[in-house]
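The working numbering runs 1 ahead of the 1-based position in the sequence shown.
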Amino acid sequence: MTRRHLISIDDLGDEDLRAIVERGARFARGGAAGATPLAGAVVGVYFARTSTRTRTAFSAGTLRLGGRIIAYGPGDLQLNTGETGADTGRVLSRMLDALVARTAGDPAEMREWAAQDRMAVINAMSADEHPTQALTDLTTLLCHFGRIEGLRVLYVGEGNNTAAALALALPRFAGTELELRTPPGYGLAAGVRERAEALAASYGSVLREHHHMDAIPADVDVVYTTRWQTTGTSKPDPDWRSVFAPFQVTARLWADGPKAVFMHDLPAHRGEEVTADVLDGPRSIAFDQAENKMHSAMAVLEWCLG
Ligand code: CP
């Protein structure tokens, strides 16, 4: 079997990106029910940080595709006692077909595990990027709108790993617009923004980032936010809440864009990044988006395991 790693959205060519998103949408519609392409495969699921959706999505997705899983918690691997990432990858690759991992480190750690060609390494969230979230988000857009090209997305909140992956993925669909409104001091990492702007320029898309909530664009298709306290991170500034407060998503954002749907990668804190009436309201597709984590995970597993 071919083994392909998915550590960053950048690892995917355009055809692969589109194929995974379309396959995820097909799973979501029930169009590939009963397929067992992972029969005989063993997938390690290593989460060094908490997770409800992503861990369950990859675990349930593996089982539904006919594979089996071995689950590792934060204290289980000898990485904790100083075994190198390269040795860990070499050893696990002799026993596993794929390793799905969430860490608080940067993707370089996962690249060490991926320095072999027998076991696919899948980034289920690292400090810098959450690529499988972006694939879920694109799958959700495709399921809801029937297209991705030309959609206008307003992202409100921290320029965290979810925002980074979205910024690296969405502009690759022609004619899209991604406007990020991120709190001052909490925007996209400079390197990510530069890469995303270059992508937007070459694919005929638009990417903008502002650090205020004035002159919000009208008629967007999607308003998207994420939790203010991203899993596994902390904010050194004790006054960070006052910086984030103007960026709360409330029903007033729908005044100029009444047809926009609301997306959230979850988990949510009602009353912080979003009010309950928005998250639980008729424009919210956040829980369809959560379900799509599993459909998208199945598409990722298929692609990684060939
Ligand atoms: N959105 C997301 O990654 O959810 P979990 O942290 O629950 O996996």
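Beta carbons are placed, not taken as given, at the ideal position from N, Cα and C, and that holds for glycine.
#### Entry: Nearest-angstrom beta carbon gap, residue 86 and residue 110 [assumed within contact, 8 Å]
Contact holds; Cβ gap of about 5 Å.
#### Entry: Exposure label - residue 81; buried when at least 16 CB within 10 Å
exposed
### Message
For residue 28, count the other beta carbons within 10 Å of its own beta carbon; 16 or more makes it buried, fewer makes it exposed. Which is it?
### Response
buried
### Query
Should residue 52 be counted as a contact of the ligand CP given a C-beta to heavy atom distance under 6 Å?
yes
### Query
Rounded to the nearest angstrom, how far is the Cβ of residue 300 from that of residue 21, given a contact under 8 Å?
5 Å
### Query
Which residues in the same chain as residue 209 place their Cβ atom closer than 6 Å to its Cβ, once the five residues preceding and following it in sequence are excluded?
Around residue 209: 180.
### Task
With hydrogens ignored, establish whether the beta-carbon of residue 266 is closer than 6 Å to any heavy atom of the ligand CP.
yes
### Task
Run through the segment 3-63 for me and flag every whole alpha helix (DSSP H) of 4 or more residues, listed as ranges in chain order.
15-29
### Query
Over what stretch of residues does the alpha helix (DSSP H) that includes residue 92 continue unbroken?
86-93
### Task
Leaving out five residues on either side along the sequence, give the residues of the same chain with a beta carbon under 7 Å from the beta carbon of residue 131.
Taking C-beta separations shorter than 7 Å and ignoring five residues to either side along the sequence, the partners of residue 131 in its chain run 162, 163, 166, following chain order.
### Message
Pairs of beta-carbons, one from the segment 107-125 and one from the segment 136-155, closer than 8 Å: are there three or more?
### Response
Fewer than three Cβ pairs drawn from the segment 107-125 and the segment 136-155 lie within less than 8 Å of each other, which leaves the two stretches out of contact.
#### Entry: residue 207 vs residue 261 beta-carbon contact at 7 Å
no
### Task
Could you pull the start and end residues of the beta strand (DSSP E) that residue 100 belongs to?
99-103
### Message
Please tell me whether, using a cut-off of 6 Å, the distance from the CB of residue 55 to the nearest non-hydrogen atom of the ligand CP is below it.
### Response
yes
### Message
According to DSSP, simplified to helix, strand and coil, what is residue 173?
### Response
helix
### Message
Assuming residue 209 is part of the beta strand (DSSP E), what are its boundary residues?
### Response
207-211
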